[in-house]
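Numbering (this note's numbering), first residue to last: 10 to 1132.
Here the structure comes first, spelled out in structure tokens, and everything after it is commentary.
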């Protein structure tokens, strides 16, 4: 799996005997649930931060065409057999499409036949995936992805006026434009549109502007900005609600245009990812063209790179259009060919698409306005409608021609462009020549495509020229293809007849990519054919044979990385454990994780896992045996009687642009782990291991530890013996053994509670929780431990482990083997206090290791459920630059401490989570490139603010209880601007006067710090950190953030400038307390006055420094008073 790990969100500490060193905060993150139910976390750029996968699952991550993929091991078969769309695992695309969990609660899918979309609930995704994986005869499942919306000079440029003069302007031909709708009141379109239909929730009226512009380029009625086919009729289908267009809407629009409207030409100025033409949209183009004869004219895309022609322009039947400037040069943003994977010739033709002036929908395109009715746009989206209009003209001229004949003739009758077919196809559209020339070719391009190594003979392709005239035509043939190709010098095409021309490629003469044109010229005749071929370099077969520790074939995926090009790929072994790939001569890194399971899909608890790494030199065919039985066990020894709960590992090698390719996975302490070097040593390897251990919360008293389902409550603490019964028998007062079959634990627990069960023993894959607590405890048990139903189970239960270990280790250049013996002298000891901000309950504490401030490990999230409030001892790996982020949620609180803590080995620290008072914190400036850090800064005329309005010790933000409100910036009492309570930017060029930042933040779903009001006054004369004062509170509250009623409380209040803003003496600091939510206030001297039981204490602090900066902060219900 390929990784660029930026940051997990985890936390700071205070030291009892030393102050740990902190670094930076990560950017905002989003979670994406995959079709398998696994969750990946990405930053706001879509870069992978981490994988929160199903327990026991391993993952491969790799980069292809700058997109990051995360593939679970149990998807390997479906991908190898082409039963599932790889875009389900394309994290980059899923983020770009807006399929993050905060924006979509389901995954849109298209089934076999590419009909109407359905949706898979993300909550049920893991269960549904298991059902589908078992149903191997199911058809291919596609992601319902999204495509993106990609004339006074340009219309003459393509020869339209000459065609008009010859009497052809598209009259009688219908052109469908599938786009963002149209402006129904625009004078250039009102008389052109014959029918319209909306396939989105947005209505046919164009509020984007793209569709109106495109439609007018095809057939707009205007004296100055006329469309190409000004006599054609338009059928407008809205398939794009915004600049993004759902695949299912596009397909529905295509079917309507071709089948119902019977449009001769369909324009699609949109495109998705680059494909090989086998994607759903491209398949639909081919299907509808064959069925109805409609010609689909499609924008090639605006990526600008090689092999990036997008779907559905990649379809065989589509006429893919590149973008030329008005000077006849290809625009730098126009997507280049050849087609992905098979190297077929794409794009097909070019047309002007740069600075195109056409109709503007009212209220749209404010930055591109020419006048009230027109806008100027650039892109292949603008080039495509020129060709669609030309196709309508040619269809009027030749009403019986098929889509293939229209496409071929438009491609052949172009004006030559001095560029390769990979950029411009055959050349610049010339509809004037197309309607007048009697000689035509049966194809516009010859694609030799991928010519695989070894090369043993020649290949032949044929062009057939047709002559509709009454006299024979002699054509001279010229080409720029080079010595690898043989083309006749001339051909005679008989009157009313045809003549074939054979083009021969000899791949033995040279390797590489070949593109060029064959130009046939004669009296009044000029025809162009684009030719392309990729003669593959020397390649050899890497055969991999995989055997599990049970001696049976294994089909876990194998990651291969070309160490020369740094390109990565996945190899999927078949059911016999054999997989092969034809690869260029190079050294390859081989990474894999061989997981042994009791059944094919019980991934949550593998019997064993074997991690594989090595290097293979491929100069001839190579067979590589990966036999997990040869692996050496890797063990961990913890002090005392503690056990390992979870073990996350990652094998990775670097690839280009700072990214990595890796294999990651998680197993629990019950699962033996082995390492297996293969081939030659791999010095580029980094092996990371993150472990968590302590006393298990629930275990069989005389044997193995068990796991609770994540939404489960606990059994009573202590040692208890329970009777066991299978579901369906009498389960009253017993543990109900449920052999899971595609169900949801929440529903099963509710049903078993009704039947009187004490708890559920869940034997089978465990899906993620929904956040709703189960009715009775649900305990995951490995299937092989209950193959025979036990009569009774003796369980040992603790509310929380009194000791916890969070460990991290990296090995460079080799896999570990043997025992990692952990010693207390190597660790930092932390007295950790988990405070309750509301009701008592479980807190999920999550730790992320980092190295030198950067999280190097995209799976290393060590989760533990801790019964809060509690105080306990925690041990952390320390030294060698290792630091720890932490986050947590539950027990009426949630936090994310966004600075890693770097501990020293052998030292002791103290750390409190969610201890009162929860008040605004600025944090520290960032010291790593991927983080903005916190604080208030000036840079030129801009003041930037980032804070946590309800923070605790350090830079802490309460996610779920983060509240709402506003921040206002004023200068000398005059408003400058306002922002969200967490971050914002203000334009503030004046550097004199007194600035005020005023925060008013509320959170109704919390018992403490229900409202925080703060007024900062400060100077903003210089760039850098600004001198705002931060208030800190040291209160001796207990773990429930309470103090004894009727007893004055010793408290310490301090104020200092935010970190990085320099220092100044505090000349004044006053504190006040209130017992009636701020109605009345009493001054605080050395003690906070005593208050009544059952109430809350609110605090106010006013402070100023010697340079005139001040703060006035009020926190309502800062802590509670207990009887």
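Every residue, glycine too, gets a C-beta built ideally from N, C-alpha and C.
Every value quoted in this text rests on a predicted model; they were computed, and no experiment measured them.
Within the same chain, Cβ atoms closer than 6 Å to the Cβ of residue 103 are found at 41, the five residues on either side in sequence being excluded.
Looking only at 1063, 305, 225, 430, the smallest Cα-Cα distance to residue 1076 is reached by 1063. Straight-line measurement puts the Cα of residue 735 at about 14 Å from the Cα of residue 762. Looking at 169, 98, 315, 1128, the one whose alpha-carbon comes closest to that of residue 1058 is 1128.
Here the alpha carbons of residue 813 and residue 880 stand approximately 11 Å from one another.
DSSP places residue 1090 outside both helix and strand once states are collapsed to three, so it counts as coil.
In this structure, residue 583 and residue 89 form a Cβ contact; the two beta carbons are roughly 7 Å apart against a cut-off of 8 Å. Nearest to residue 590 by alpha-carbon distance, out of 600, 598, 596, 579, is 579.
The Cβ atoms of residue 538 and residue 415 do not sit closer than 9 Å to each other. Nearest neighbour of residue 363 by Cα position, chosen from 349, 386, 380, 372, turns out to be 386. Between residue 764 and residue 745, the C-beta spacing is below 9 Å. Around the beta-carbon of residue 889, fewer than 16 other beta-carbon atoms lie within 10 Å, marking it exposed.
Look at residue 480 here: in three-state DSSP terms it is coil, with no helix or strand label. Spatial neighbours of residue 71 in its own chain (CB-CB distance under 6 Å, excluding positions within 5 residues in sequence) are listed in chain order as 11, 78, 577, 670. Counting C-beta pairs with one atom in each stretch, the region 991 to 1006 and the region 830 to 844 have fewer than three that are closer than 8 Å, which means they do not touch.
For a cut-off of 8 Å, the C-beta gap from residue 997 to residue 950 is around 7 Å, short enough to register as a contact. Within the model, the alpha-carbon separation for residue 688 versus residue 633 is close to 8 Å. In the three-state reduction of the DSSP assignment, residue 657 falls in the strand class, which pools E and B. Among the bridge pairs identified by DSSP, residue 957 is matched with 930. Between residue 238 and residue 182, the C-beta gap is smaller than 9 Å, which places the two residues in contact. In terms of Cα proximity to residue 430, the closest of 155, 330, 202 is 330. Shortest Cα-Cα distance from residue 310 to any of 333, 823, 628 involves 333.
Between the region 372 to 390 and the region 214 to 233, the count of C-beta pairs closer than 8 Å reaches three or more; the two stretches touch. The way I'd put it, the region 518 to 527 doesn't touch the region 552 to 569; fewer than three beta-carbon pairs between them come closer than 8 Å. Excluding the 5 residues flanking it on each side, residue 175 has same chain C-beta neighbours closer than 7 Å at 444, 445, in chain order. A residue is called buried once 16 or more other Cβ atoms fall within 10 Å of its Cβ, and residue 340 is buried on that count. Under a 10 Å Cβ-count criterion, residue 651 is classified as buried, with 16 or more other Cβ atoms of the shown protein chains found around its own Cβ.
In this structure, the alpha-carbon of residue 245 lies about 19 Å from that of residue 384. In the assembly as shown, residue 319 is a buried residue. Its beta-carbon has 16 or more other beta-carbons within 10 Å. Of all alpha-carbon atoms in 1073, 1069, 1079, the one lying nearest the alpha-carbon of residue 1060 is that of 1079. Between the alpha carbons of residue 273 and residue 92 lies a distance of about 34 Å. Judged by pairs of C-beta atoms under 8 Å, the region 727 to 734 touches the region 794 to 804, as three or more such pairs exist.
The Cβ neighbour count for residue 973, taken over all protein chains shown within 10 Å, is under 16; the residue is labelled exposed. Sequence-distant Cβ neighbours of residue 324 in its own chain, meaning closer than 6 Å and more than five residues away, are 286, 291, 294, 295. At the C-beta level, residue 699 and residue 858 come within 9 Å of one another. The alpha carbon of residue 397 has as its nearest neighbour, out of 440, 428, 410, the alpha carbon of 440.
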